[in-house]
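Protein chains: 2
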Amino acid sequence: MKLSLRELLRLIVITDKRLKPNVVQAVREALEGGATSIQLRLKESSTREMLEVGRFIRRLTANYGALYFVDDRLDVALATEADGVQLGPEDMPVSVAKELAPNLIIGASVYSLEEAVEAERDGAHFLGAGSVFPTPSKAGVRVLGVEGVSRVVRVVKIPVVAIGGIDKSNVKLVLSTGVTGIAVISAVMGAEDVKKATSELRKAVDEELRV
Amino acid sequence: MKLSLRELLRLIVITDKRLKPNVVQAVREALEGGATSIQLRLKESSTREMLEVGRFIRRLTANYGALYFVDDRLDVALATEADGVQLGPEDMPVSVAKELAPNLIIGASVYSLEEAVEAERDGAHFLGAGSVFPTPSKAGVRVLGVEGVSRVVRVVKIPVVAIGGIDKSNVKLVLSTGVTGIAVISAVMGAEDVKKATSELRKAVDEELRV
């Protein structure tokens, strides 16, 4: 059974080399736990290392029927045959990425309603909207809040994934905004048991979104 | 009069934001001084900033009839319509870049005869071979030496550009190896007068290569 994009955006797990230096192993455990998408984020690594890790993630996600996104780097996404790329305000503009890579799914990271509307207009396929809560993974990030995410969901037509400080204690509140799914770093990559942490979140998401 | 690739590789000036924070202004002065190619190297910047600076360099180099290369980042090269990309051992493999961007000129940075031979076999259009001398721009870089560069020139058929620690005091010695040209960072970007420093190097290169 092939899942829709919305279903595959239910639980995006983002890599964090500082929290889990063995990125491939952590991704494998997240997939075993039920991550529906993986986003490769390797800010400090060389391009060569990104390609090597990305190729592993490409194979793993394909085996699990999950999507594979790359943060920021369109070149890495193309070279490792990713399903998509996640672009924020400091990355390549959505319109440029769409022109260079018309077959990629483009997720836009937005931190305000204005940025959300603009990203949809530019042709993003979905939004990562946040930060819902302050988060240790990104110091100094703008906090959109639960109400802000809720407003984005009401205004745009494309799927919205909430990001930023989400864990099992607040996931129900977050999902009550009407988002398609959640994206997490610390809640999974900061956990001792990656598989278990992912599986708990997946269960919570499935329960809420079934309604 | 349209210059050949070999002629346009005579003097590659590489940007350095630490030495000259106003990258665009420094590039303009280098072009006024006679740089035949500019290589954008912005390791610490966001992709968005690379694209903004890259678009300026694209226009400037076109106005001066110079080539515009991007270090490492194939996505930035494609998005800013660069002439080519410069790829080292930590970057995307030459063969992958050629597949993704068949129209770009691919320069391979090599630090040994083995790497030089491999890059030529993989389809690189030219080599940046070095480091000729120890250099402040890249700490811990492998030093190939004048004799090593000379050996690379004798073994490969594609153009070889020498890089690493080259300045007006040693440029004649470097050119005696038979290289097509030189690439510099510190000698130009570390100079108080970028235009003058470039112009002196260009004069030296033209004198030697005329013979």
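Residue numbers (this note's numbering), protein chains in the order written: chain A, 5 to 215; chain B, 5 to 215.
By construction, the Cβ of each residue, glycine as well, lies at the ideal position given by its N, Cα and C atoms.
Closer than 9 Å to chain B by CB, residue i
i: A/Ala-83; result: yes
i: A/Thr-40; result: no
i: A/Met-96; result: yes
i: A/Leu-131; result: no
i: A/Pro-106; result: no
Given residue i as reference, the closest of the options once Cα atoms are compared
i: A/Val-192; options: A/Arg-10, A/Lys-24, A/Gly-182; result: A/Lys-24
i: B/Arg-32; options: B/Thr-65, B/Val-183, B/Val-160, B/Thr-84; result: B/Thr-65
i: A/Glu-94; options: A/Gly-88, A/Glu-85, A/Lys-47; result: A/Lys-47
i: A/Glu-119; options: A/Leu-179, A/Leu-35, A/Val-175, A/Arg-146; result: A/Arg-146
i: A/Ala-105; options: A/Leu-78, A/Leu-131, A/Val-114, A/Val-159; result: A/Leu-78
i: B/Gly-88; options: B/Leu-9, B/Tyr-72, B/Ser-49, B/Ser-99; result: B/Tyr-72
i: A/Thr-139; options: A/Arg-45, A/Gly-149, A/Phe-130; result: A/Gly-149
i: B/Val-157; options: B/Glu-211, B/Val-121, B/Thr-202; result: B/Val-121
i: B/Val-165; options: B/Lys-200, B/Ala-133, B/Gly-58; result: B/Ala-133
i: B/Val-57; options: B/Glu-36, B/Ser-41, B/Ala-30, B/Gly-69; result: B/Ala-30
i: A/Val-159; options: A/Leu-117, A/Ile-170, A/Phe-130, A/His-129; result: A/Leu-117
i: A/Thr-40; options: A/Pro-97, A/Tyr-115, A/Glu-11; result: A/Glu-11
i: A/Ile-162; options: A/Glu-196, A/Lys-176, A/Gly-127; result: A/Gly-127
i: B/Glu-211; options: B/Pro-97, B/Lys-199, B/Ser-180, B/Asn-26; result: B/Ser-180
i: A/Glu-85; options: A/Arg-59, A/Asn-67, A/Ser-99, A/Tyr-115; result: A/Arg-59
i: B/Ala-34; options: B/Thr-51, B/Gly-111, B/Asn-67, B/Leu-9; result: B/Asn-67
i: A/Ile-42; options: A/Ala-81, A/Ser-50, A/Arg-52; result: A/Ala-81
i: A/Asn-26; options: A/Lys-200, A/Gly-194, A/Arg-125; result: A/Gly-194
i: A/Arg-22; options: A/Leu-7, A/Ser-141, A/Ser-99; result: A/Ser-141
i: A/Glu-151; options: A/Ser-8, A/Lys-6, A/Tyr-115, A/Glu-196; result: A/Tyr-115
Outcome for residue i when other beta-carbon atoms lying within 10 angstroms are tallied against a minimum of 16
i: A/Leu-103; result: Before going further, note that residue 103 of chain A is Glu rather than Leu in the sequence given. Result: exposed.
i: A/Gly-185; result: buried
i: B/Ala-101; result: buried
i: A/Arg-249; result: Because chain A spans 5 through 215 in this model, residue 249 of chain A falls outside it and cannot be assessed.
i: A/Val-178; result: buried
i: A/Met-91; result: Per the sequence shown, residue 91 of chain A should be read as Leu rather than Met. Counting Cβ neighbours within 10 Å, A/Leu-91 comes out buried, since at least 16 surround it.
i: A/Ser-173; result: exposed
i: A/Arg-14; result: buried
i: B/Gly-69; result: exposed
i: A/Val-206; result: Looking at the sequence provided, one finds Arg at residue 206 of chain A rather than Val. Buried.
C-beta neighbour in chain A for residue i, strict 9 Å
i: B/Gln-46; result: It is Leu, not Gln, that sits at residue 46 of chain B in the sequence shown. For B/Leu-46, the answer is no, since every Cβ of chain A falls outside 9 Å of its Cβ.
i: B/Val-100; result: yes
i: B/Pro-25; result: no
i: B/Thr-140; result: Sequence check: residue 140 of chain B is Pro here, not Thr. Taking Cβ atoms only, chain A never reaches closer than 9 Å to B/Pro-140, which makes this a no.
i: B/Pro-163; result: no
Whole-angstrom C-beta distance between residue j and residue i, which should lie under 8 Å
i: A/Leu-44; j: A/Ile-61; result: 6 Å
i: B/Ser-135; j: B/Gly-168; result: 3 Å
i: A/Leu-131; j: A/Ala-123; result: 6 Å
i: A/Ala-83; j: A/Leu-55; result: 5 Å
i: A/Ile-189; j: A/Asp-20; result: 5 Å
i: B/Val-209; j: B/Val-175; result: 7 Å
i: B/Gly-37; j: B/Val-198; result: 7 Å
Please identify, using Cβ separations under 7 Å, the residues of the segment 49 to 60 of chain B that lie next to chain A, in order along the chain.
Ser-50, Thr-51, Arg-52, Leu-55
What are the residues in the segment 62 to 79 of chain B lying within 7 Å of chain A by C-beta distance?
Asp-76, Arg-77, Leu-78, Asp-79
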